[in-house]
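Trainee:
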Amino acid sequence: MNETPTAIELAETVEVAPGAYAYVQPNGTWFINNTGFIVGDDGVILIDTCSTEARTRAMLDAVRAVSDAPIRTVVNTHHHGDHTHGNYLTAPAPIVAHQRCRELVAGLGIDHYPTAFEQPDWGDLELAPPTMTFDDRLDLWVGGRAVELHHIGPIAHTTNDVVAWLPDDRVLYTGDLVFHQGTPFVLMGSVDGSLASLDTMREMDPAVVVPGHGPVCGVEVFDEIERYLRFVRSTAEHALANGLTPLDAARDTDLGEFASLTDPERIVGNLHRCMADLQGPDTEMSIVAAIGDMITYSGKPLLPCSA
Ligand SMILES: [Zn+2]
132 MNETPTAIEL AETVEVAPGA YAYVQPNGTW FINNTGFIVG DDGVILIDTC STEARTRAML
192 DAVRAVSDAP IRTVVNTHHH GDHTHGNYLT APAPIVAHQR CRELVAGLGI DHYPTAFEQP
252 DWGDLELAPP TMTFDDRLDL WVGGRAVELH HIGPIAHTTN DVVAWLPDDR VLYTGDLVFH
312 QGTPFVLMGS VDGSLASLDT MREMDPAVVV PGHGPVCGVE VFDEIERYLR FVRSTAEHAL
372 ANGLTPLDAA RDTDLGEFAS LTDPERIVGN LHRCMADLQG PDTEMSIVAA IGDMITYSGK
432 PLLPCSA
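First residue of the sequence shown: 132, per my numbering; consecutive thereafter.
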């Protein structure tokens with residue numbers, strides 16, 4: 132394609148506590164996610180897979196570079212394809228997720244989003260929904276260490292967000308409840324629910340936060356996300372008071388400190404969601420129309436996905 136290094140070439144394995152790792156793919160934009168893995172003598176727990184076959188294979192190679200113990204369990208933090216497309220490459224490990232994650236992965240299938248994104252080389256993706264589901268809490272064990280799975284709900288980034296928490300090391304794998312250096316995205320979730328999720332995660336008092344996208348960080352990221360979500364909410368209130376569409380409201384607003392985050396066009400999708408929610412729970416909102424408006428705002432398909 133070009134001289135720019137790909138997400139795979141830039142990917143880094145970061146040890147965030149003894150035996151606990153983040154696999155970080157810069158720059159964390161659309162479909163460039165992080166995963167995590169926790170290693171014990173008897174096996175590995177993997178948190179999320181990647182969006183393409185090549186990215187997932189490279190990530191699994193990075194896991195094997197640390198440990199040749201088998202992957203015992205895979206966790207999906209939510210249903211989005213960048214965290215679940217590679218599930219099929221982890222067989223025969225059970226894939227654990229919130230029950231609505233399974234419903235959505237199984238129901239939506241593999242979507243290549245041809246109208247929204249420049250197309251990466253997806254590879255030969257095969258649908259592999261979660262095989263083991265829970266509602267609220269589940270503990271996994273590896274090498275005598277607990278990995279607590281908590282559903283953070285009812286709705287935040289999506290309807291099925293799960294965090295993985297290492298209580299002894301105070302490491303929190305957040306999935307997409309945290310975008311670090313990227314624009315939060317709640318089109319399929321809720322601004323108010325995402326604000327509530329920040330309080331829940333603050334109460335856990337993590338020493339290390341492994342975000343769903345972007346570099347490993349600390350709790351200061353929660354304040355950054357809160358400022359952005361409150362900005363979305365006030366922009367949505369202003370738009371409703373002035374009869375603006377989400378797209379017009381986004382074009383009218385100055386992103387200020389948030390302009391430097393990756394994927395600023397998410398303001399449009401976030402406004403679609405927030406304005407609908409502010410008008411009441413039965414307000415219709417079209418995800419397809421919202422994504423169309425994000426492309427219009429951006430002036431081009433979202434993101435070149437350098438595979
Ligand atoms: Zn997501």
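Glycine is no exception: its CB is placed at the ideal position from the N, C-alpha and C atoms.
Contact between the segment 181 to 194 and the segment 223 to 234: three or more CB pairs below 8 Å?
Mentor: Too few Cβ pairs lie closer than 8 Å, so no.
Trainee: Could you tell me the distance, in whole angstroms, from the CA atom of Met416 to the CA atom of Leu318?
Mentor: Using only the alpha carbons, I get a separation of about 10 Å.
Trainee: Would the segment 237 to 247 and the segment 277 to 291 be scored as touching if the rule is three or more Cβ pairs under 8 Å?
Mentor: Short answer: they don't touch.
Trainee: Within the chosen definition, does the segment 312 to 329 reach the segment 343 to 359 through at least 3 CB pairs nearer than 8 Å?
Mentor: Counting Cβ pairs under 8 Å, three or more are found: they touch.
Trainee: Quick one: does the C-beta of Asp179 sit closer than 7 Å to a heavy atom of ligand 1?
Mentor: Answer for Asp179: no, Cβ out of range of ligand 1.
Trainee: Can you grab the Cα-Cα spacing for the pair Ala438 / Asn373, in whole Å?
Mentor: Residue confidence for Ala438 is low, a pLDDT of 45 falling below 50, so the modelled location carries little weight and cannot support an answer.
Trainee: Closest to His403 by CA distance: which of Leu392, Thr180, Phe389, Val419 is it?
Mentor: That would be Val419, whose Cα lies nearest to the Cα of His403.
Trainee: Could you name the residues that DSSP lists as bridge partners for Ile241?
Mentor: Paired residue(s): none; Ile241 is not in a bridge.
Trainee: What span of residues does the alpha helix (DSSP H) with Val419 cover, start to end?
Mentor: 418 to 429 is the extent of the alpha helix (DSSP H) around Val419.
Trainee: On the CB-based measure, 16 or more other CB atoms within 10 Å of its CB, does Gln156 come out buried or exposed?
Mentor: By the 10 Å Cβ count, Gln156 comes out buried.
Trainee: Does the Cβ-Cβ distance between Phe310 and Gly159 come in under 8 Å?
Mentor: Yes.
Trainee: Taking 7 Å as the cut-off, is the C-beta of His282 nearer than that to any heavy atom in ligand 3?
Mentor: Here the bound small molecules are ligand 1; ligand 3 is not part of this structure.
Trainee: Applying the 10 Å Cβ sphere with the 16-neighbour rule, what's the burial state of Gly275?
Mentor: Exposed: under 16 other Cβ atoms inside 10 Å.
Trainee: Just to confirm the assignment: which complete alpha helix (DSSP H) runs, minimum length 4, are found wholly within the segment 158 to 227?
Mentor: Counting only runs of 4 or more, we get 184 to 197, 212 to 215.
Trainee: From this set, Gly238, Val278, Pro342, which residue's C-alpha is nearest Gly174's C-alpha?
Mentor: Among Gly238, Val278, Pro342, the Cα nearest to that of Gly174 belongs to Val278.
Trainee: Going by the beta-carbon positions, is the gap between Ala367 and Leu409 smaller than 8 Å?
Mentor: Contact: yes.
Trainee: Please list the terminal residues of the continuous alpha helix (DSSP H) segment that includes Pro377.
Mentor: Pro377 -> alpha helix (DSSP H) spans 377 to 383.
Trainee: Which residues share a DSSP beta bridge with Gly282?
Mentor: The amino acid at residue 282 is misidentified as Gly; the sequence shows His. Beta-bridge pairing links His282 to Val293.
Trainee: For Phe248, which of helix, strand or coil comes out of DSSP?
Mentor: If DSSP states are grouped into helix, strand and coil, Phe248 belongs with the strands.
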